[in-house]
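Student: Right, I'll just put the structure down here and ask away after.
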Amino acid sequence: MFMKTEVVDVSPTRKELKIEIDASDVRAELERVTERYAGAVSVPGFRKGRAPNSVVRQRYKNEIRGEVVQNLVPQAINEAIGENALNVIGEPENIHFDNNEALEKLGELPLSIHADVEVLPDVALGQYKGLEVARRTRPVTDETVEAMLENLREQSASLQPVEDRPAEAGDTVTVNFTGRYIEPPAEEDVKADDVEVVLGGEGVLADFNEQLTGTKPDDVKTFVVKYPEDFSSPGLAGKEIEYTATVTAVRRKELPETDDEWAKTFGEEIDSLETLRAKLRENLTERARFESEHRMRDELMGKLLKAHEFEVPESLVKSQARRLLESTVRDMMQRGMDPRSQELDWENLHGMLEAQATTDLRGSILLERIADAEEIEPTDEEIEQEIEAIAEGARQSVEQVRAALTKQGGERSIADRLRHRKALDLLIENARVSEEEWREDAPPAATASEPNGENGEGGETRPGEAENS
Amino acid sequence: MRTVWDIIKSPVITEKALVAKEETQDGKQLLTFRVDKNATKPEIKSAIERIFDVKVATVRTMNYMGKKARRGRFEGRKPSWKKAYVTLKEGEKPLDYGEAI
């Protein structure tokens with residue numbers, strides 16, 4: 122195509138394209154489109170497809186013009202982008218024509234077009250090898266292992282009936298309640314059977330603790346409970362109820378002995394308390410290693426970002442922020458919070474997410490550049506492995522995952538993600554890592570290691586749990 | 014005031030008319046128009062000569078009955094009209110109906 126192009130810098134991420142398409146090209150396209158129309162349309166007075174071009178052009182002026190423009194403009198813009206080697210993101214915007222006369226007399230005058238495009242900024246890669254990072258690994262001590270063990274013990278506690286003594290703190294009392302509203306009075310009594318009350322437990326009203334301590338099975342007690350104004354259940358808050366409680370059972374929590382027998386319940390490969398300890402230690406160490414690795418990456422990314430200042434295209438930030446917002450909302454709903462009712466500072470959240478999105482994108486652009494510079498390209502095999510890992514994480518078959526991915530065109534995104542990860546690996550390999558002591562403070566917020574990755578690499582290393590199920 | 018445009022209504026642009034125009038015999042062009050029902054051959058001749066600035070050799074006219082048309086149960090007719098074949102004199106340049114405007 123014969124055309125003249127000109128690129129005007131609006132900002133580092135925004136360019137304006139000025140394109141002038143030669144009249145001969147417009148004419149050729151016009152000819153082509155008319156020809157196609159002439160072969161298909163019916164004009165009164167002519168048999169179908171027999172109307173001459175001039176008549177057709179006259180009659181279908183607007184349609185033909187529209188089609189010519191539609192054919193030419195994207196083609197011209199693409200060529201202009203290619204010619205100027207622009208790295209364009211998204212669609213060109215704000216396409217408009219300079220002179221309407223050229224549109225009116227299509228094919229007689231050169232057609233000039235304007236279009237705004239967003240481009241990836243040119244990032245000059247600075248030094249990215251030999252960055253200094255500290256690896257801080259959380260120490261795994263005997264105490265943490267013991268605490269973990271105690272935790273497990275708590276979890277596997279069983280309830281044993283108490284017969285030789287009245288209920289005391291820590292016991293679980295099973296009660297059938299009937300409650301009569303005293304203040305304000307209500308017709309309906311409340312009734313609840315087999316309510317388990319842990320004496321002295323969390324969220325148990327002091328009144329219940331007091332009244333039920335010292336009871337035995339088959340005891341009947343009547344007492345008045347006044348719920349505080351700020352009670353968690355609004356139906357009861359501030360009300361006064363007289364309860365008649367029939368105790369059906371008193372049970373105490375029986376913590377298992379920490380011995381080999383108990384240890385064996387956690388899995389076949391565990392045959393003694395010692396192996397359980399070792400296993401726990403191993404898990405904790407693994408988790409600590411994972412955590413330190415993660416932090417190290419974050420720190421590295423943070424440094425890298427600091428070393429490279431550049432602007433990120435607005436539209437990308439917007440869409441990334443939207444993605445983050447969506448996942449935040451999803452997260453909330455999963456945790457049973459209603460995003461609408463929450464007293465949330467949306468403005469603030471939005472700002473935060475945009476900042477986060479910017480960092481994410483900057484990280485991912487940088488990694489992309491580094492991957493380019495280092496010619497990192499994931500192999501098919503690696504992509505395959507990644508898909509398998511996702512399948513395992515999502516408890517789906519490899520085929521299912523692959524089908525879902527193909528539908529979303531996700532193979533590409535997986536490849537991109539792997540590219541980024543490998544680039545980061547390369548950075549780590551080439552970084553000067555110093556071993557330093559564990560610090561409890563939070564790492565700097567630069568979580569850009571995997572901007573669009575939902576699956577953290579094997580983030581689930583909860584000791585004891587996996588073996589238990 | 015009666016103008017040439019009251020005599021010449023429009024060109025007839027159909028396959029038949031265009032073919033007739035293309036396949037000009039003896040170097041003469043044959044144009045086809047819808048004309049006023051009451052227009053005479055001399056009137057048509059002078060009108061065409063004024064509009065297109067050409068020399069007319071002959072004019073042949075014919076009357077067309079309006080087609081029957083029906084809107085539901087009402088039957089009627091489209092208006093009747095007169096068609097004129099206008100033969101230009103030899104040596105006139107090929108004429109485009111659009112030139113008139």
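From first to last, the protein sequence lines stand for chains A and B.
The numbers in the first sequence follow the working numbering, run straight up by one, and end at 590.
The numbers in the second sequence follow the working numbering, run straight up by one, and end at 114.
The beta carbon of each residue, even a glycine, is placed where N, CA and C say it ideally should be.
These figures come from a predicted structure and were not determined experimentally.
1) In the DSSP assignment, find the beta strand (DSSP E) that holds residue 281 of chain A and state where it starts and stops.
2) If you follow the alpha helix (DSSP H) that residue 348 of chain A is part of, which residue opens it and which one closes it?
3) Measuring alpha carbon to alpha carbon, tell me which of B:84, B:29, B:97, B:111 ends up nearest residue 48 of chain B.
4) So for residue 570 of chain A, helix, strand or coil by DSSP?
5) Which residues in chain B sit within 7 Å of residue 173 of chain A, going by Cβ to Cβ distance?
6) Are the segment 122–130 of chain A and the segment 140–151 of chain A in contact at 8 Å, needing three or more beta carbon pairs?
7) Between the segment 421–453 of chain A and chain B, which residues of the former have CB atoms less than 7 Å from a CB of the latter, in chain order?
8) From A:234, A:181, A:166, pick the residue whose C-alpha is nearest to that of residue 198 of chain A; which is it?
9) Are the C-beta atoms of residue 170 of chain A and some chain B residue less than 7 Å apart?
10) Taking Cβ-Cβ distances below 8 Å as the criterion, which residues of the segment 44–56 of chain B are in contact with chain A?
11) Residue 21 of chain B touches chain A at which residues, Cβ-Cβ below 7 Å?
12) When burial is assigned at 16 or more other CB atoms within 10 Å of the CB, is residue 454 of chain A buried or exposed?
13) Does residue 167 of chain A have its Cβ less than 7 Å from a Cβ in chain B?
14) What's the gap between the Cα of residue 474 of chain A and the Cα of residue 152 of chain A?
15) Let's see if you can read the secondary structure: which residues bound the alpha helix (DSSP H) around residue 186 of chain A?
16) Beta-carbon within less than 8 Å of residue 402 of chain A's beta-carbon, same chain only, minus the 5 sequence neighbours each way: which residues are those?
17) Since residue 390 of chain A and residue 301 of chain A should fall inside the 8 Å C-beta cutoff, what is the C-beta to C-beta distance between them, to a whole number of angstroms?
18) Between which two residues does the beta strand (DSSP E) holding residue 8 of chain B run?
19) Can a CB atom of chain A be found closer than 7 Å to the CB of residue 36 of chain B?
20) If we define contact as Cβ-Cβ less than 7 Å, is residue 26 of chain B a contact residue for chain A?
21) So which residues of chain B does residue 176 of chain A contact, with C-beta pairs closer than 9 Å?
22) With a cut-off of 8 Å, do at least 3 Cβ pairs link the segment 71–88 of chain B to the segment 15–34 of chain B?
23) Could you check what DSSP says for residue 583 of chain A in three-state terms: helix, strand or coil?
24) Can you tell me where the alpha helix (DSSP H) holding residue 415 of chain A begins and where it ends?
25) Between residue 360 of chain A and chain D, is the shortest Cβ-Cβ distance under 7 Å, so that the two count as touching?
26) Just reading off the alpha helix (DSSP H) that residue 51 of chain B is part of, what are its end residues?
27) Throw me the rounded Cβ distance for the residue 296 of chain A and residue 343 of chain A pair, which I believe falls under 8 Å.
28) Look at the alpha carbon of residue 155 of chain A and the alpha carbon of residue 58 of chain B, and state the distance between them as a whole number of angstroms.
29) Can you tell me where the alpha helix (DSSP H) with residue 514 of chain A in it begins and where it stops?
30) Is it buried or exposed, residue 150 of chain A, if we count other Cβ atoms within 10 angstroms and call 16 or more buried?
31) For residue 478 of chain A versus residue 519 of chain A, is the C-beta spacing smaller than 7 Å?
32) How far does the beta strand (DSSP E) with residue 132 of chain A in it extend, from its first residue to its last?
33) Evaluate the contact criterion for the segment 187–202 of chain A versus the segment 411–421 of chain A: three or more CB pairs, one atom per stretch, below 8 Å.
34) State the beta-bridge partners of residue 237 of chain A as determined by DSSP.
35) Going by DSSP, what residue range makes up the alpha helix (DSSP H) through residue 20 of chain B?
Tutor: The structure says:
1) Counting along the chain, the beta strand (DSSP E) containing residue 281 of chain A begins and ends at 279–282.
2) In the DSSP assignment, residue 348 of chain A falls outside any alpha helix (DSSP H) and carries neither an H nor an E.
3) For residue 48 of chain B, the nearest C-alpha among the options comes from B:97.
4) Note on residue 570 of chain A: pLDDT 40, under 50, position unreliable in the model; no value is reported.
5) 31, listed in chain order.
6) The answer is yes - the segment 140–151 of chain A touches the segment 122–130 of chain A, with three or more Cβ pairs under 8 Å.
7) Of all residues in the segment 421–453 of chain A, none places a beta-carbon less than 7 Å from a beta-carbon of chain B.
8) Closest by C-alpha distance to residue 198 of chain A, out of A:234, A:181, A:166, is A:234.
9) Taking Cβ atoms only, chain B never reaches closer than 7 Å to residue 170 of chain A, which makes this a no.
10) Residues of the segment 44–56 of chain B that bring their beta carbon within less than 8 Å of a beta carbon in chain A are absent altogether.
11) The CB of residue 21 of chain B never comes closer than 7 Å to any CB in chain A; the least such distance is about 18 Å.
12) Under a 10 Å Cβ-count criterion, residue 454 of chain A is classified as exposed, with fewer than 16 other Cβ atoms of the shown protein chains found around its own Cβ.
13) Answer yes: the Cβ-Cβ gap between residue 167 of chain A and chain B drops below 7 Å somewhere.
14) Rounded to the nearest angstrom, the two C-alpha atoms are 52 Å apart.
15) 182–204 is the extent of the alpha helix (DSSP H) around residue 186 of chain A.
16) If we look at residue 402 of chain A and ignore the five residues flanking it on each side, its Cβ neighbours are 261, 266.
17) With 8 Å as the limit, residue 390 of chain A and residue 301 of chain A do not qualify as a contact, their Cβ atoms being about 57 Å apart.
18) With chain B running from 14 to 114 in the structure shown, residue 8 of chain B is simply not present.
19) No, its Cβ sits nowhere closer than 7 Å to a Cβ of chain A.
20) At least one chain A Cβ lies under 7 Å of residue 26 of chain B.
21) Near residue 176 of chain A (Cβ distances below 9 Å), the residues of chain B are 26, 31.
22) They do not touch, by the three-pair rule.
23) Note that residue 583 of chain A scores a pLDDT of 37, beneath 50, so its modelled location is shaky; the value from the coordinates is reported in the next line. Reduced to three states, the DSSP call for residue 583 of chain A is coil.
24) Residues 394–428.
25) The displayed structure is made up of protein chains A and B, and chain D is not among them.
26) Careful: residue 51 of chain B lies outside any alpha helix (DSSP H) and carries neither H nor E.
27) Not really, about 12 Å apart at Cβ, beyond 8 Å.
28) Each residue's alpha carbon lies about 35 Å from the other.
29) Taken as a continuous stretch (DSSP letters only), the alpha helix (DSSP H) holding residue 514 of chain A covers 501–514.
30) The residue in question, residue 150 of chain A, is buried, as its Cβ has 16 or more Cβ neighbours within 10 Å.
31) Taking 7 Å as the Cβ cut-off, residue 478 of chain A and residue 519 of chain A do not qualify as a contacting pair.
32) Residue 132 of chain A -> beta strand (DSSP E) spans 124–132.
33) Result no; under three Cβ-Cβ pairs closer than 8 Å.
34) DSSP lists A:137, A:214 as partners of residue 237 of chain A.
35) Residue 20 of chain B -> alpha helix (DSSP H) spans 17–20.
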